[in-house]
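Novice: This is the structure, below, for whatever I ask next.
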Amino acid sequence: MVAKKNAAKKTSKTLSASKKLSKGVSKKHFKSVPQKTVSMRSFHLYKDTLPFTTTRLTRQTVYWLILLTFIVVTQLWILKLQTDIVNLTALMNY
């Protein structure tokens, strides 16, 4: 019986010590922000202002055309270099 009382005293001392430690640390409490209510809206179908298949000359079209011409010219130059190399090696073999 005495051992049980001593055990109970030890556990109460350790609990009070742990409570003292936990009281020393301050906890930050964040205020909860109430969420805004969103009203329900239905989806509306709108007519396109421009048809999908319209062709216009825009700045982006000009950029793509410049890029395309650069690529084609570069490929033609590489092809010319390759044919020159083939002709030179053919002349060296004969």
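So the sequence shown is numbered by my numbering: it starts at 836 and just counts up by one. The beta-carbon is built from N, C-alpha and C at its ideal position, and this holds for glycine as well. Computed from a predicted structure; not experimentally measured.
(1) Check whether the Cβ of residue 900 lies closer than 7 Å to any heavy atom of the ligand MN, and answer yes or no.
(2) How many Å lie between residue 891 and residue 905 at the Cα?
(3) What residue does the alpha helix (DSSP H) around residue 872 start on, and which one ends it?
Specialist: The answer reads as follows:
(1) With respect to small molecules bound, the structure shown includes none, and the ligand MN cannot be examined in it.
(2) Cα-Cα distance, rounded: 22 Å.
(3) That residue, residue 872, is in no alpha helix (DSSP H); it is neither H nor E in DSSP.
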